[in-house]
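Q: Handing you a structure now.
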Amino acid sequence: MKSRRQFLKISSLSAAGLIFGGGLLETFADNLLKKNQSYFKGPYDFVRTPTYCEVCFWKCAGWVHKDENGKIKKIIGNDDDPNCNGRFCPRGTGGVGMYFDKDRLQTPLIRTDERGTQSFREATWDEAFDYIAAKMNKIKEEHGPECTALFTHGSGGKYFGNLLKGFGSNNIAAPSYAQCRGPREVAFLATFGQGIDSPENTDIRDTKCLVLIGSHLGENMHNGQVQEMSDAIDKGATIITVDPRFSTVAGKSKHWLPIKPSTDIALLLSWIHVIINEDLFDKKYVEKYTFGFDQLKDHVQAFTPEWAYGITTIKPQQIRETAREMANAAPAVIVHPGRHVTWYGDDTQRLRAVAILNALLGSWGRRGGFYSAEKASVPHYHLPDFPTPNKNWRDAMGGKYKLADLALASGVCEATIPSPEMSCSIKGWIVNGTNLINTLPDQKKTIDAIQALDLLVVVDTMPMEITGYADVVLPECTYLERYDSLRISQGRVPSIALRMPAVDPLYNTKPAFWMARELAKKLDLLQYFPFETIEEEIDWELKQVGSSLEEMQRIGVKVLDREVDDLYFGEDEEIEFNTNTGKIELYSTALEEEGFDPMPVFTKHPEPDSGFYRLIYGRAPMHTFSRTANNPNLTDLMDENTVWVNPKVAKEWDLKNDQYVYLENQDGIISDFKIKVRVTERIRWDSVYMVHGFGHADKRMTRAFGKGVSDTQMITNVMIDPIMGGTGMRGNFVTFRFDNKNTEV
Amino acid sequence: MRYAMAIDTKKCVGCSDCVVACQTENDVPIGYCRDWVVEVMDGTYPQLEIELRSERCNHCENSPCVRCCPTGASHYSEGGIVLVTKNECIGCSACITSCPYDARFVHPEGYVDKCTFCLHRVKKGMQPACVAVCPTKCMYFGDLDDPNSEVSKVLKKRKHKTLIPEAGTKPHLYFLI
Chain A
3 MKSRRQFLKI SSLSAAGLIF GGGLLETFAD NLLKKNQSYF KGPYDFVRTP
53 TYCEVCFWKC AGWVHKDENG KIKKIIGNDD DPNCNGRFCP RGTGGVGMYF
103 DKDRLQTPLI RTDERGTQSF REATWDEAFD YIAAKMNKIK EEHGPECTAL
153 FTHGSGGKYF GNLLKGFGSN NIAAPSYAQC RGPREVAFLA TFGQGIDSPE
203 NTDIRDTKCL VLIGSHLGEN MHNGQVQEMS DAIDKGATII TVDPRFSTVA
253 GKSKHWLPIK PSTDIALLLS WIHVIINEDL FDKKYVEKYT FGFDQLKDHV
303 QAFTPEWAYG ITTIKPQQIR ETAREMANAA PAVIVHPGRH VTWYGDDTQR
353 LRAVAILNAL LGSWGRRGGF YSAEKASVPH YHLPDFPTPN KNWRDAMGGK
403 YKLADLALAS GVCEATIPSP EMSCSIKGWI VNGTNLINTL PDQKKTIDAI
453 QALDLLVVVD TMPMEITGYA DVVLPECTYL ERYDSLRISQ GRVPSIALRM
503 PAVDPLYNTK PAFWMARELA KKLDLLQYFP FETIEEEIDW ELKQVGSSLE
553 EMQRIGVKVL DREVDDLYFG EDEEIEFNTN TGKIELYSTA LEEEGFDPMP
603 VFTKHPEPDS GFYRLIYGRA PMHTFSRTAN NPNLTDLMDE NTVWVNPKVA
653 KEWDLKNDQY VYLENQDGII SDFKIKVRVT ERIRWDSVYM VHGFGHADKR
703 MTRAFGKGVS DTQMITNVMI DPIMGGTGMR GNFVTFRFDN KNTEV
Chain B
26 MRYAMAIDTK KCVGCSDCVV ACQTENDVPI GYCRDWVVEV MDGTYPQLEI
76 ELRSERCNHC ENSPCVRCCP TGASHYSEGG IVLVTKNECI GCSACITSCP
126 YDARFVHPEG YVDKCTFCLH RVKKGMQPAC VAVCPTKCMY FGDLDDPNSE
176 VSKVLKKRKH KTLIPEAGTK PHLYFLI
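As you go down the protein sequences, you meet chains A and B in turn.
Read in our numbering, the first sequence has 430 at position 428, and its numbers run on one by one without any break.
Read in our numbering, the second sequence has 46 at position 21, and its numbers run on one by one without any break.
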């Protein structure tokens, strides 16, 4: 929605730009440089130092405590932080393991032999930067600066981003978009004119009915949401879980709908049918705020619960009952948009159905539904203009995915593989804190892209698989040993949080800010790094919002006032939504303009052949992707994944609990490693399930190597969402093998 | 004073945060734990139920471990908390055998170790580390003799059980069901 608040934010930002732009810039920076740097206290001046967690994207703020010898002992949540309310999750509590892990990258490395082999020599930082700068300049001369890209997932991304933009490229992508939450952002933008963003604006705390579709809160430890779900359970909220697997939260649900995988849109359409035809929708809300109700009503007439039963295997009575349950709770109901939603390639449309359902129930902008989140407006120091790139990754896409509001990591990867249609493919990658080998589906394609590169720089704390393909590896210190950009989170109240080092970096490791700035020196781009240290930049930013580094070092988190008190819609409030019609679009004019279905339709997806089972993957609460797979504290809780198999299937294959098997997918890909069988009633007979992030192939990760199977290795069929380029990964089928030898001749 | 803990199985998501928080708070070496999570599943597809329980020493009122300890290392402390005095423990493991809850282990340094209800924190007016960290706030700690303590209040309000009551140990660890 276009809220008053958003206009205010824009104006406050531009004012800051005016004051500090232009000539004042140099004087200000000069003064800062002259200032004695001991003005900022160091980690040793504190018993506890503030940080925000880097183990997942929730970024909870906490305190790092040290023992009497100055050794890191524990990390505890900051009571003032709205993201965690003083309670860290297991990964955050176990974050200490990232620091103590002896398998960490320790010094810069330069490749000595071909990519994919562990052949590196240790290098000095200066050598590493010279090497990178020479290669980047060569790419610039031969192909243009646009032929470079940054993949990032983590806090140091901003500085490598500025470096790349200054160099002349805007190919900056995060796998959290096209591989994760992109479809929901596009679907909610198309419907409400506003995305969901992170942390989600779901008002779970006060909801009376929470509907989860494949979303496994509790196993995905999105801290604030899990805390609020627990509060909602205390207050007697109803939970409805749609999942082919009896997830932890299914165990806390009044209704578990064990849906046949890939048929969710049919269920959603039929819920919409019931809610419209039984007159259960919020009439006043629909009339006042929405566009296209009549078209929607006509559209769903055929989608009766009886129709959906044949597709989803969910009984008509249960579909009706759950729809009524939602309507009874409305508007304090949340049909949760989920987070990792790239499943079948029609994901934007599925999330559109979710958005439409919420609109009919009147939950958007209502207590117990979705609140209007606010983010602090912290001005950034005005940098000189970046050069305008002549082209970017979109040029390689032939006009596809116009509705993608962020760059696609898979698109940038694709734009790297040389093809006759492209004038120039991407020649250099910087990869910061994301293990692309296990993050992007279709590993072969990723490796093909990498082999076509002239330069691959990897910045990481751990020897992840991607480092094995790097030309240069830059070892970053962990989040407990560095400053990073401020955390500026959205929420019911805007908040900012500080991360400062609790201890000096171990080994020869450095923070991303320092690396990016040193590289900028070599590339003659220092004008984009006006502050010599990150402390000075953070202090400058904090002073714009009435705080300072000194204050934040003491308090860690600062909660600011909302600019406008509009957490929920007012009674009969006139609201203009940021869509073409200014209304909540049940019928999407934006999708229609681009030639897509204006209202969601169900399409049938392929099903597994006999002897094959759909591969479903998910999370365990003690791990984040593959990032934590070697963390000593967290592998102590869980050190390998298992494959969940229904007892009927186990009987057919004569599989026993704890037996190890290999998996083979529909394309004949056999897993590198074996996986333990877990025979359980908690999964349908047409599917198997495993936790994502295991089966690491890099021997330097001693605790993670060879433990379990990598679901990513099994995902070779990728169904691309035509609307925004999301990579649907749930259309892969596996069978069991008792050896991993390829018997084909 | 009788310290006790109640754990809400309806809210616990089995994330094991209690385990890792205990490890870092009490310097429990990696590979060992003073608390752990048990998942019990019942039923057949699609009629299923799961119970999740964060378990630890039950700090029994009638503790077999205290009774069988030959040196008196295992003893009752403040509020009935069962503790082991490190330097009096000879590592004979009689207590480990006697405990119906399998709550004790031999620390690599040779003595028997277990949950202390974080007495060092409780003395300072803080909650045990596991209770303080739990994202679902599913744990309640306090004095059973104080009717206004969190644990007394929740036990009054909710249906609950103890583990292996037939062992006659009078456990101080309750599970809300």
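Ideal placement from N, C-alpha and C gives every residue a C-beta, glycine not left out.
Determine, using beta carbons only, whether Cys47/B and Cys58/B come nearer to each other than 8 angstroms.
A: The answer is yes: Cβ separation under 8 angstroms.
Q: Assign Ser412/A to one of three DSSP states: helix, strand, or coil.
A: Note: Ser412/A maps to helix in three-state DSSP.
Q: Compare the C-beta of Met692/A with all C-beta atoms of chain B and state if any pair is closer than 8 angstroms.
A: Closer than 8 angstroms: no.
Q: For Trp258/A, which residues of its own chain have a beta-carbon under 7 angstroms away from its beta-carbon, when the five flanking residues on both sides are left out?
A: Once the five neighbours on either side are set aside, the close Cβ partners of Trp258/A are Thr243, Phe248, Ala252.
Q: Just verifying my parser: in three-state terms, what is the DSSP assignment at Cys58/B?
A: DSSP places Cys58/B in coil when its eight states are reduced to three.
Q: Tell me which residues share the same chain as Asp669/A and place their Cβ nearer than 8 angstroms to its Cβ, disregarding the 5 neighbours each side in the sequence.
A: For Asp669/A, where only same-chain residues beyond five positions count, the Cβ hits under 8 angstroms are Thr718, Asn719.
Q: Check the Cβ-Cβ distances between Ser232/A and every residue of chain B, and say whether any is below 8 angstroms.
A: Taking Cβ atoms only, chain B reaches closer than 8 angstroms to Ser232/A, which makes this a yes.
Q: Can you pull the chain A residues whose beta carbon is under 7 angstroms from the beta carbon of Cys159/B, in chain order?
A: What Cys159/B touches in chain A: Arg89.
Q: With DSSP as the reference, label Tyr662/A as helix, strand or coil.
A: Residue state, collapsed to three classes: strand.
Q: Quick one: is Asn33/A near chain B, going by C-beta distance under 8 angstroms?
A: Any reading at Asn33/A must be qualified, since the residue scores a pLDDT of 47, below 50, and its modelled position is unreliable; no value is offered.
Q: Do Gly168/A and Glu148/A count as a contact pair if the criterion is CB distance below 8 angstroms?
A: Going by C-beta atoms, Glu148/A is not nearer than 8 angstroms to Gly168/A.
Q: Classify Tyr103/B: buried if its beta carbon has 16 or more other beta carbons within 10 angstroms, exposed otherwise.
A: In the sequence as displayed, the identity of residue 103/B is Glu instead of Tyr. Result: exposed.
Q: Going by the beta-carbon positions, is the gap between Tyr250/A and Ile75/B smaller than 8 angstroms?
A: Residue identity differs from the one stated: residue 250/A is Thr in this sequence, not Tyr. In contact: Thr250/A and Ile75/B (Cβ atoms closer than 8 angstroms).
Q: Whose CA, out of Trp60/A, Lys104/A, Met703/A, Val651/A, lies closest to the CA of Asn225/A?
A: Of the candidates Trp60/A, Lys104/A, Met703/A, Val651/A, the one whose C-alpha sits nearest the C-alpha of Asn225/A is Trp60/A.
Q: Entirely within the region 162-228 of chain A and at least 4 residues each: give me those alpha helix (DSSP H) ranges in chain order.
A: Fully enclosed alpha helix (DSSP H) runs of 4 or longer: 184-194.
Q: Closer than 9 angstroms by beta-carbon distance: list the chain B residues that pair up with Thr235/A, in chain order.
A: The sequence given here places Ile at residue 235/A; Thr does not occur at that position. Correct list: Asp33, Lys35, Lys36, Thr161.
Q: When you compare each of Pro513/A, Arg732/A, Val461/A to Glu2/A by their alpha carbons, which one comes out closest?
A: The structure shown does not extend to residue 2/A, since chain A is modelled only from 3 through 747, so no value can be given for it.
Q: Go through its chain and collect everything with a Cβ distance to Ile141/A's Cβ below 7 angstroms, but skip five positions before and after it.
A: Once the five neighbours on either side are set aside, the close Cβ partners of Ile141/A are Cys149, Thr150, Lys429, Gly430, Asp456, Leu457.
Q: Indicate whether the contact test is met: 3 or more Cβ pairs, each with one atom in the region 64-74 of chain A and one in the region 496-511 of chain A, closer than 8 angstroms.
A: Segments in contact, yes.
Q: Output the distance between the C-alpha atoms of Val337/A and Thr141/B, rounded to the nearest integer angstrom.
A: Distance between the alpha carbons of Val337/A and Thr141/B: 43 angstroms.
Q: State the beta-bridge partners of Lys560/A as determined by DSSP.
A: DSSP output for Lys560/A lists Ile498/A as bridge partner(s).
Q: Beta strand (DSSP E) containing Asp387/A: first to last residue?
A: Element bounds for Asp387/A: n/a, residue is neither H nor E.
Q: Please tell me whether Gly96/A has its Cβ less than 8 angstroms away from any Cβ of chain B.
A: Yes, Gly96/A lies at the interface with chain B (some Cβ there is under 8 angstroms from its Cβ).
Q: In angstroms with no decimal places, state the Cα-to-Cα distance between Val45/B and Cys55/A.
A: Straight-line Cα distance between these residues: approximately 16 angstroms.
Q: At a Cβ cut of 8 angstroms, what residues of the region 90-124 of chain B count as close to chain C, listed as they run along the chain?
A: Structure shown: chain C not included; protein chains present are A and B.
Q: Check whether chain B comes within 8 angstroms of Tyr229/A, counting only Cβ atoms and requiring the distance to be less than that.
A: Tyr is not the amino acid found at residue 229/A; the sequence shown has Gln there. With 8 angstroms as the cut-off, Gln229/A counts as an interface residue toward chain B.
Q: Where Phe531/A and Gly613/A are concerned, what is the direct C-alpha to C-alpha distance, given to the nearest angstrom?
A: About 58 angstroms.
Q: Between Val461/A and Leu476/A, is the Cβ-Cβ spacing less than 8 angstroms?
A: Yes; because the gap between Cβ atoms is below 8 angstroms, this pair is in contact.
Q: Between the region 693-702 of chain A and the region 463-479 of chain A, are three or more C-beta pairs nearer than 8 angstroms?
A: Yes: the two stretches touch, three or more of their Cβ pairs being nearer than 8 angstroms.
Q: Establish whether the CB of Lys678/A and some CB of chain B are separated by less than 8 angstroms.
A: False, the Cβ-Cβ gap to chain B never drops below 8 angstroms.
Q: Give the DSSP-derived three-state secondary structure of Asn734/A in the structure shown.
A: It is coil, neither helix nor strand.
Q: Check the Cβ of Trp60/A against every Cβ in chain B and list those closer than 7 angstroms, keeping chain order.
A: Chain B residues near Trp60/A: none, gap ~11 angstroms exceeds 7 angstroms.
Q: Have a look at Arg341/A, Tyr570/A, Phe48/A and flag the residue whose alpha-carbon is nearest the alpha-carbon of Glu752/A.
A: The displayed coordinates of chain A run from 3 to 747. Any statement about residue 752/A would go beyond what the structure contains.
Q: Have a look at Pro465/A and Tyr199/B and give me their C-alpha separation to the nearest angstrom.
A: For Pro465/A and Tyr199/B, the distance between alpha carbons rounds to 44 angstroms.
Q: Can you check whether the CB of Ser255/A is closer than 8 angstroms to the CB of Ile241/A?
A: Contact: yes.
Q: Within its chain, find whatever has a CB closer than 8 angstroms to the CB of Tyr291/A; leave out the 5 residues flanking it on each side and keep chain order.
A: Contacts found: Ala361, Ile577, Phe579, Lys585, Ile586.
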